[in-house]
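Following: one structure in structure tokens, then a few remarks.
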Amino acid sequence: MGRHTDGHNSQVADFSILVLEKALLVSCQQYIYIYIFSEQQLSAIHESYSVQPPRPHQESTREELEKITTASSLEENNMFSIRSSSSISRALLARSFVMREFCAQRKESKLEGKVALITGAARGIGKETATKFITNGAKVVIADIRRDVGQETARQLGANASFVACDVSQESDVSNAVDYTVSTHGQLDIMYNNAGIACRTPPSVVDLDLAAFDKVVSINVRGAVAGIKHASRVMIPRQAGCILCTASVTGMMGGLAQHTYSITKSSVIGMVKSVAAELCKHGIRVNCISPFAIPTAFALEEMQDYFPGLDAGALADMVHNAGVLKGANCEPSDVANAALYLASDDAKYISGHNLVVDGGFTSIKSLNFAGT
Ligand SMILES: NC(=O)c1ccc[n+]([C@@H]2O[C@H](COP(=O)([O-])OP(=O)(O)OC[C@H]3O[C@@H](n4cnc5c(N)ncnc54)[C@H](O)[C@@H]3O)[C@@H](O)[C@H]2O)c1
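In the UniProt record's numbering, the protein residues as written are 1 to 372.
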């Protein structure tokens, strides 16, 4: 406990300070102030004291925590203030941090100080991921063939986003995007090869259009390979880095998309394993994400060819209804969350992995017996 004198009205208030694992908690009269440390501050604290701050001990029930969180709270940068009452103990509040009851209200910072380059981030899954990365403390370079949309997205995402024009089928564009990232931010920590296109050619293999095949391969496969190549060029000297690619459930099972598209996405899953085998000795992790169908512009534009009479809402419903997990739909944010996890230190020992975001779709084949 300490004593605090307010210079203006000479009031003397009791206060106490508790250093938690990730926060400083100050209780003063009827208020409890909580300051959440940034990742940088945390490492500075750990360095100065060379020990972890103490963990709080007291257990608390969910009902008790709900009582606290319904009390008025406000967030300003990393500071919360909560009006306390005699029934709320500091230790109880401290425990609520451990239970992460406040995580939804505070800024996450899993990528503090990291620099990411995301291809195909002008819209859709890439844009969602760029947004997620930035709210987690990263600086993001958006590389996309759509110049106007990409520039507008970067403007919307603010000072920590920038845009570089890039057609991933052109190796020089990919190389330039990597160099732009390094010259602007001094490093590249996360390379996310997300750009991809659908294939709108006749479905039968007999009619396969090999010119269209080459075009889709040049973006979905060659573009990702170029991204891996040029990211490795700058990551190997630092002996660190994270490379991500967007694959798809259509690359894991037959029959979910046209051959050309499925083949390209199978290749992405294979390329990740092949390259992870080499890059692991440089401390670089390589993973991919295989999402289920998501009604982004990409999927809707393709479906419009098959169902020209249906509007976007009806097409989105069709996509969502194809999923197997009741009560949830696959959304860009689900892929962004998977990408955040793989890019963060939470996944520090995960490499060569295909993280499937499909609500169980590719793991399930039902016999459909009546009543089951
Ligand atoms: N939406 C889905 O159902 C779904 C499911 C599984 C996987 N995917 C994959 O997710 C990734 C993103 O898809 P999305 O749904 O967000 O689509 P989207 O069309 O909304 O976004 C794709 C982005 O890639 C960009 N792009 C296209 N060609 C490019 C090129 N040559 N160079 C650089 N950028 C280029 C586009 O301009 C666009 O901004 C793709 O790889 C796609 O194959 C999508």
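We treat Cβ as the ideally placed atom computed from N, Cα and C, and that holds for glycine.
Give the straight-line distance between the Cα atoms of residue i and residue j, rounded to the nearest whole angstrom.
{"i": "Ile134", "j": "Val140", "result": "7 Å"}
{"i": "Ile294", "j": "Glu278", "result": "32 Å"}
{"i": "Glu108", "j": "Tyr341", "result": "12 Å"}
{"i": "Gln187", "j": "Ala370", "result": "58 Å"}
{"i": "Asn193", "j": "Thr246", "result": "6 Å"}
{"i": "Gly309", "j": "Ala257", "result": "21 Å"}
{"i": "Thr184", "j": "Met303", "result": "39 Å"}
{"i": "Thr129", "j": "Asp317", "result": "23 Å"}
{"i": "Asn136", "j": "Asn368", "result": "43 Å"}
{"i": "Ala328", "j": "Ile36", "result": "32 Å"}
{"i": "residue 383", "j": "Met271", "result": "Nothing about residue 383 can be reported from this structure: the residues present for the chain run from 1 to 372 only."}
{"i": "Gln239", "j": "Pro203", "result": "44 Å"}
{"i": "Glu152", "j": "Ser218", "result": "26 Å"}
{"i": "Asn160", "j": "Asp214", "result": "35 Å"}
{"i": "Lys348", "j": "Ala339", "result": "13 Å"}
{"i": "Ser172", "j": "Cys330", "result": "34 Å"}
{"i": "Glu305", "j": "Gln156", "result": "Glu is not the amino acid found at residue 305; the sequence shown has Asp there. Approximately 31 Å between the Cα atoms of the pair."}
Please state if the CB of residue j and the CB of residue i are separated by a distance shorter than 8 Å.
{"i": "Thr119", "j": "Val168", "result": "yes"}
{"i": "Ile243", "j": "Val206", "result": "no"}
{"i": "Ala299", "j": "Val319", "result": "yes"}
{"i": "Asp143", "j": "Asp189", "result": "The question names Asp, but residue 143 in the sequence shown is Ala. Result no, Cβ atoms of Ala143 and Asp189 do not sit closer than 8 Å."}
{"i": "Thr260", "j": "Val216", "result": "yes"}
{"i": "Ile284", "j": "Val335", "result": "no"}
{"i": "Pro178", "j": "His230", "result": "Looking at the sequence provided, one finds Val at residue 178 rather than Pro. Going by C-beta atoms, Val178 is nearer than 8 Å to His230."}
{"i": "Asn220", "j": "Lys265", "result": "yes"}
{"i": "His282", "j": "Ile236", "result": "yes"}
Under 7 Å Cβ to Cβ from residue i, same chain only, skipping five residues before and after it: list those, please.
{"i": "Gly360", "result": "Val324, Leu325"}
{"i": "Gly124", "result": "Thr296, Ala297, Phe298, Pro332"}
{"i": "Ala322", "result": "Ala293"}
{"i": "Thr362", "result": "Val249, Met252, Met253, Val356"}
{"i": "Ser10", "result": "Legend: pLDDT at Ser10 = 35, less than 50; position of this residue unreliable, value from coordinates given subsequently. Here the set comprises nothing."}
{"i": "Ile364", "result": "Val324"}
{"i": "Phe307", "result": "Leu315"}
{"i": "Cys280", "result": "Ser351"}
{"i": "Lys273", "result": "Gly352"}
{"i": "Ser366", "result": "none"}
Taking the alpha-carbon of residue i as reference, which of the options has the nearest alpha-carbon?
{"i": "Tyr180", "options": "Ala211, Ala165, Lys348", "result": "Ala165"}
{"i": "Val174", "options": "Ala240, Asn160, Ser232, Gln304", "result": "Ser232"}
{"i": "Ala121", "options": "Ala138, Arg146, Ile236", "result": "Arg146"}
{"i": "Ile263", "options": "Arg222, Lys348, Ala154, Phe307", "result": "Arg222"}
{"i": "His353", "options": "Ile269, Ala116, Ser172, Ile228", "result": "Ile269"}
{"i": "Asn176", "options": "Asn160, Leu315, Gly227", "result": "Gly227"}
{"i": "Ala212", "options": "Val225, Ala224, Ile197", "result": "Ile197"}
{"i": "Met191", "options": "Gly126, Leu355, Asn329", "result": "Gly126"}
{"i": "Gly158", "options": "Gln170, Ser172, Thr131", "result": "Thr131"}
{"i": "Ala195", "options": "Gln170, Ser204, Pro203", "result": "Gln170"}
{"i": "Ser344", "options": "Gly241, Ser172, Asp214", "result": "Gly241"}
Leaving out five residues before and five after residue i in sequence, what residues of the same chain have Cβ atoms less than 6 Å from its Cβ?
{"i": "Ser162", "result": "Val141, Ala154"}
{"i": "Asp209", "result": "Thr201"}
{"i": "Asp358", "result": "Val249, Phe292"}
{"i": "Gly315", "result": "For the record, residue 315 in the displayed sequence is Leu; it is not Gly. If we look at Leu315 and ignore the five residues flanking it on each side, its Cβ neighbours are Leu300, Met303."}
{"i": "Pro54", "result": "In this predicted model, Pro54 has a pLDDT of only 41, less than 50, meaning its place in the structure is not dependable; the value taken from the coordinates is given anyway. Within the same chain, Pro54 has no close Cβ partners at all."}
{"i": "Ala138", "result": "Leu111, Lys114, Ala116"}
{"i": "Ala312", "result": "Leu300"}
{"i": "Val182", "result": "Leu188, Val234"}
{"i": "Ser267", "result": "Val221"}
{"i": "Cys199", "result": "Val216, Gln258, Thr260, Tyr261"}
Please list, in chain order, all residues of the same chain as residue i whose beta carbon is under 8 Å from its beta carbon, the five residues on each side excluded.
{"i": "Gly255", "result": "none"}
In chain order, each alpha helix (DSSP H) run of at least 4 residues that lies wholly inside the segment 122-184: Secondary structure within the segment 122-184: the alpha helix (DSSP H) runs of 4 or more consecutive residues, fully enclosed, are 124-135, 147-157 (chain order).
Start-end ranges of the alpha helix (DSSP H) lying completely within the segment 202-260, minimum 4 residues: Taking 4 residues as the minimum length, the alpha helix (DSSP H) runs contained wholly in the segment 202-260 are 210-220, 222-235, in order along the chain.
task: Entirely within the segment 306-345 and at least 4 residues each: give me those alpha helix (DSSP H) ranges in chain order.
output: For the segment 306-345, whole alpha helix (DSSP H) runs of length 4 or above, ordered along the chain, are 312-321, 332-343.
message: Please give me, in chain order, every unbroken run of the beta strand (DSSP E) with length at least 3 that falls completely inside the segment 265-307.
response: Complete beta strand (DSSP E) runs here, min 3: 284-291.
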